[in-house]
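Chemist: One structure, as structure tokens, below. Some questions next.
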Amino acid sequence: AQASLNERKVVTKEHFVKWVYLLTISVLFIIYIASVIFQKILIACFISTSSVLLFSGILLLFVSNYFLYVLKRDKRELYEQKACAVRTYTIIISLCMIYG
């Protein structure tokens, strides 16, 4: 019974991390689009677009690294392949955000 309880905890934690990750990406994407569209408004509000993108890019890198850490710890090969693809994708996005 204890083992199945631990497995269930791992699964729920994995789901939680996945949703947090997806939510973070969505929020950052919305911020990115909003900063492109409402650049004048953001500048008027003393929020520089580049600092928003820099912050969100760095945050995205941290989140993707944590996501990978959780998946690697659970030693799931299928997930690891997906995670590598996701990591490559997020690194490209975050670098675009940082230098864009």
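Here the sequence shown stands for residues 1 to 100, where the numbers follow our numbering. Positions of the beta carbon are idealized from the N, C-alpha and C atoms, including for glycine. Keep in mind it's a predicted model, so treat the numbers as computed, not measured.
In whole angstroms, what is the alpha-carbon distance linking Tyr32 and Thr88?
Modeler: Spanning the two alpha carbons is a distance of roughly 19 Å.
Chemist: Out of curiosity, what's the CA-to-CA distance linking Phe55 and Phe16?
Modeler: Between Phe55 and Phe16, the C-alpha separation is close to 23 Å.
Chemist: Compute the Euclidean distance between the alpha carbons of Phe62 and Thr24, then round it to the nearest angstrom.
Modeler: Going from the Cα of Phe62 to the Cα of Thr24 covers about 11 Å.
Chemist: Since Leu59 and Leu28 should fall inside the 8 Å C-beta cutoff, what is the C-beta to C-beta distance between them, to a whole number of angstroms?
Modeler: Going by Cβ atoms, the distance from Leu59 to Leu28 rounds to 7 Å, so yes, they are a contact pair.
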